[in-house]
Each structure stands twice: as C-alpha cells, then as structure tokens.
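Asker: In this note's numbering, the protein residues as written are 14 to 345.
#1: Please confirm if the region 208-226 is in contact with the region 82-99, defined as three or more CB-CB distances below 8 angstroms between the two stretches.
#2: State whether the region 180-190 contacts the region 135-149, with contact taken as three or more CB pairs (one from each stretch) at a distance under 8 angstroms.
#3: Enumerate in chain order the residues of its own chain whose CB-to-CB distance from residue 101 is below 6 angstroms, with the five nearest sequence positions on each side excluded.
#4: Would you check if there are 3 or more beta carbon pairs closer than 8 angstroms linking the region 153-161 to the region 198-206?
#5: Would you decide whether residue 229 is buried or exposed? Buried here means 16 or more other CB atoms lie within 10 Å of its CB.
#6: Using 8 angstroms as the threshold, is the region 303-310 in touch with the region 248-262, meaning 3 or more CB pairs across them?
#7: From which residue to which residue does the alpha helix (DSSP H) around residue 185 run?
#8: My guess is that residue 72 and residue 105 are in contact by the Cβ rule of under 8 angstroms, so how many angstroms apart are they, rounded?
#9: Which residue comes first and which comes last in the alpha helix (DSSP H) that contains residue 78?
#10: Buried or exposed for residue 251, please, with buried defined as at least 16 other CB atoms from any protein chain shown within 10 angstroms of its CB.
#11: Under the rule that 16 or more other beta-carbon atoms within 10 Å means buried, what is residue 167, buried or exposed?
#12: Express the C-alpha separation of residue 226 and residue 315 in angstroms, rounding to a whole number.
#13: Helix, strand or coil for residue 296 per DSSP?
#14: Tell me whether the region 58-66 and the region 186-193 touch, counting them as touching only if at least three CB pairs, one residue from each stretch, are closer than 8 angstroms.
#15: So is residue 332 buried or exposed if we call it buried at 16+ other beta carbons inside 10 Å?
#16: Cα-Cα, which of 241, 317 and 342 is closest to residue 291?
#17: Kindly give me the distance between the Cβ atoms of residue 159 and residue 140, rounded to whole angstroms, as I take these residues to be in contact under 8 angstroms.
#18: What whole-angstrom Cβ distance do residue 48 and residue 83 have, given they're in contact under 8 angstroms?
#19: Give the secondary structure of residue 144 by DSSP, where H, G and I count as helix, E and B as strand, and everything else as coil.
#20: Count the CB pairs spanning the region 318-336 and the region 281-300 that are closer than 8 angstroms, and state whether there are at least three.
#21: Let me check understanding here. Comparing Cα to Cα, which of 310, 295, 323 and 279 lies closest to residue 339?
#22: By Cβ distance, which residues of its chain are closer than 8 angstroms to residue 264, with the 5 residues on each side in sequence left out?
#23: Which same chain residues end up closer than 8 angstroms to residue 198 when comparing Cβ atoms and leaving out the 5 residues on each side of it in sequence?
#24: Give me, in chain order, the residues of the same chain whose beta-carbon lies closer than 8 angstroms to that of residue 239; leave out the 5 immediate sequence neighbours on both sides.
#25: How is residue 156 classed by DSSP in three states: helix, strand or coil?
#26: Ends of the alpha helix (DSSP H) at residue 339?
#27: Can you give the Cα-Cα distance for residue 60 and residue 266, rounded to whole angstroms?
#28: What is the DSSP secondary structure of residue 34, reduced to helix, strand or coil?
#29: Would you kindly report the start and end of the unbroken alpha helix (DSSP H) that includes residue 351?
#30: By the three-class DSSP mapping on this structure, what secondary structure does residue 291 have?
#31: Out of 50, 143 and 69, point me to the one whose CA is closest to residue 103's CA.
#32: What do you reckon, is the C-beta of residue 336 under 7 angstroms from a heavy atom of the ligand PLP?
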C-alpha cells in the first residue's frame with residue numbers, strides 16, 4: 014500500500030468513529046474528495062502492473078459503481094447513504110491495494126527465478142485455454158481477432174526453443190494480458206447477443222400489443238389499463254435489458270388474461286394455420302395461381318379486421334377461407 018493511500022485509509026478509520034456522532038457537521042463533498050484520491054492512488058498502482066489480475070478488474074468495477082452511488086447520494090443530500098457507499102468504496106480500494114501489493118511481490122520473486130525456469134508447460138496450458146476461447150467465440154459467432162495472440166504464441170515457442178526463457182516469460186505475460194482483453198470482448202459480445210435476442214423477442218410482442226390496444230379501446234377498457242398498455246409498449250420499444258423485457262411481457266400476459274384478450278392470440282394462430290394450408294394447396298397441380306391469390310387476399314382481409322379489433326369478423330372470414338381450401342383440395 015502506498016504511503017499516501019495509507020494516510021487516506023487512516024483518515025477513513027478515524028471517520029468511522031466520528032461519523033455517527035458528527036453527521037450534522039460533515040460536508041458530504043469531503044467524502045467524494047477522499048474517495049477520488051484513493052481511486053487515483055489505486056489507479057497508479059494498477060498502471061504499474063504488467064498484467065492486471067481479473068480479480069483486481071472485478072473489484073475496480075465494483076469500486077466505480079460504489080463511487081458513482083456515492084456521488085448520487087451526495088447530490089440528493091442523503092448523508093446516511095453517502096456514508097454507506099463511502100465506507101464501501103474505501104474498503105474495496107484497501108483490499109485492491111493489498112492485492113496489488115501481493116501481486117507485485119510475487120512478480121518480483123518470479124522475475125528473479127524466471128531465467129532458470131522453462132515456461133513451456135505454462136505456455137501449453139495457455140494454448141489450451143485460448144483454444145477453448147476460440148471455440149466459445151465460434152459458437153456465439155463473436156467477431157474476436159485472435160491473430161495477435163497467435164503471433165505471441167509463435168514468438169514464445171521460438172524463444173523457448175532458443176532457451177531464452179526470460180524473454181519467453183515476458184511474451185507469456187503479454188499473452189496473459191491479451192487473454193484478459195479477449196475475455197472482455199467475449200463478455201461484451203455475449204451481452205450484445207442477449208440484448209439482440211431480447212429486442213427480437215420484444216418486437217414480436219410489440220405487434221400484438223398494438224392490436225391489444227386497439228381492441229381494448231373498442232371494448233371500453235378503463236383508461237388506467239389503456240395507459241398501462243401504452244406505457245408497457247413504450248418500455249418494450251426502447252428497452253434492451255432482457256430482464257426488463259421479460260417483466261413487461263409478463264405484464265402483457267396478465268392483462269390479456271384479465272380482459273380475455275387472449276382471443277387475439279387464438280385468431281393470430283388461426284391465421285398462421287390457414288396460411289400454411291394455403292401454401293400446401295398451392296403445390297397441387299390442379300390449383301391455379303389466381304385461386305391462390307384470391308384466398309391470400311381474403312387472409313390479408315382477415316388480418317386487417319383483427320388489427321381493427323373486429324375479432325368475430327376476422328374469425329368468421331377465416332372459417333370460410335378454410336372451408337374453401339378444403340373444397341379445392343377435394344376437387345382434385
């Protein structure tokens with residue numbers, strides 16, 4: 014731990030004792046200044062590392078969130094909450110500083126021995142790990158560039174063959190750093206894919222929701238429910254958070270059940286079935302294109318009736334279309 018960070022932590026320890034009794038006299042801005050100074054000290058320690066441990070990165074992300082929460086609490090004049098986030102972020106910075114110190118000490122010890130140790134086994138282990146990363150990237154169709162790390166592997170192999178173990182270890186450290194960056198890219202790609210799937214899922218319900226709103230208006234559903242449906246539509250159209258989208262979809266399903274709006278789903282399913290039957294009919298030799306087009310126009314009309322909220326009209330038209338399709342099938 015750096016001397017300056019030690020002083021900041023020591024001041025924090027003093028404040029742990031005085032905060033409960035002196036809360037009224039505390040300027041919350043002081044908490045932000047102290048936390049920001051601690052952040053600066055820890056960042057300097059991080060910048061001195063050749064390879065940043067994943068644990069340090071995780072802790073740094075948590076610290077950044079706590080620091081942001083601290084700023085928000087101060088802006089809202091919530092001293093109690095600010096104190097909580099301040100103490101939390103300082104504990105994280107203290108733990109990070111200690112972990113970085115241990116990492117630095119281990120690196121120094123390893124550096125004194127590295128010139129005598131053949132790092133080939135470590136290199137092989139990293140190769141296997143990167144092979145797994147490539148498989149993950151391929152499985153999720155993630156556009157991750159592995160050419161740089163492949164070149165480092167080749168370089169390290171050549172250095173080991175020449176018994177230049179010290180340089181090989183430096184190259185391996187670069188490989189470890191590349192692995193950390195690749196993991197970040199994979200996590201980002203996975204998050205984006207989850208977001209894209211969620212948006213696609215939401216889009217499916219947006220079309221249904223537009224119809225539900227029209228039907229609900231025609232059925233005289235209360236303004237409160239209509240507002241809720243419209244608010245849900247707004248959230249679905251803008252959200253990319255899978256959890257938020259699932260929450261809103263469940264709300265839609267609940268409203269549909271409550272007001273018997275599930276009839277819309279049944280009609281939509283019926284339209285899909287009739288279209289499938291029409292597609293099969295079009296493959297028969299004795300059916301001409303004109304007959305198929307007339308039936309397709311009727312299906313489009315049934316869909317238009319549903320969009321306008323005329324459930325019964327749409328259903329009756331679909332029945333007649335289905336009967337006509339059966340007649341044409343049997344006529345062959």
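Using N, Cα and C, we set each Cβ at its ideal position, and we do this for glycine too.
Source: prediction; values computed, not measured.
Answerer: Result, derived from the coordinates:
#1: Between the region 208-226 and the region 82-99, the count of Cβ pairs shorter than 8 angstroms is below three; the stretches do not touch.
#2: Taking 8 angstroms as the limit for Cβ pairs, the verdict is that the region 135-149 does touch the region 180-190.
#3: The beta carbon of residue 101 lies closer than 6 angstroms to those of 79 in the same chain, with the five residues before and after it left out.
#4: Yes, the region 153-161 touches the region 198-206.
#5: Flag for residue 229 reads buried.
#6: The region 303-310, when compared against the region 248-262, does not touch it at the 8 angstroms Cβ threshold.
#7: Counting along the chain, the unbroken alpha helix (DSSP H) around residue 185 starts and ends at 178-231.
#8: The beta-carbon separation of residue 72 and residue 105, rounded to 6 angstroms, stays under the 8 angstroms limit for a contact.
#9: Residues 67-88.
#10: Answer is exposed; the Cβ neighbour count stays below 16.
#11: Under this definition residue 167 is an exposed residue.
#12: The C-alpha of residue 315 lies about 18 angstroms from the C-alpha of residue 226.
#13: Assignment of residue 296 by DSSP, reduced to helix, strand and coil, places it in the coil class.
#14: Short answer: they touch.
#15: Looking at its Cβ environment, which holds fewer than 16 other Cβ atoms inside 10 Å, residue 332 is exposed.
#16: Taking only the C-alpha atoms, the option nearest residue 291 is 342.
#17: Not really, about 12 angstroms apart at Cβ, beyond 8 angstroms.
#18: Confirmed, Cβ separation roughly 6 angstroms.
#19: Residue state, collapsed to three classes: helix.
#20: Per the Cβ contact rule, the region 318-336 is in contact with the region 281-300 (3 or more Cβ pairs under 8 angstroms).
#21: Comparing Cα-Cα distances from residue 339 to each of 310, 295, 323 and 279, the minimum goes to 295.
#22: Excluding positions up to five away in sequence, the list reads 241 and 245.
#23: Excluding residues within five positions, the ones whose Cβ falls inside 8 angstroms are 155 and 157.
#24: Around residue 239: 226, 229 and 230.
#25: Looking at residue 156 - three-state DSSP - the assignment turns out to be coil, as it is neither helix nor strand.
#26: Its alpha helix (DSSP H) spans residues 324-344.
#27: Between the alpha carbons of residue 60 and residue 266 lies a distance of about 51 angstroms.
#28: The pLDDT assigned to residue 34 is 45, lower than 50, so where the model puts this residue is not dependable; a value taken from the coordinates is nonetheless given after this. Shown here, residue 34 sits in a helix according to DSSP, grouped into three states.
#29: The structure shown has nothing for residue 351, since the chain only spans 14 to 345.
#30: Here residue 291 sits in helix by DSSP.
#31: Among 50, 143 and 69, the Cα nearest to that of residue 103 belongs to 50.
#32: No copy of the ligand PLP appears in this structure; indeed no ligand is present at all.
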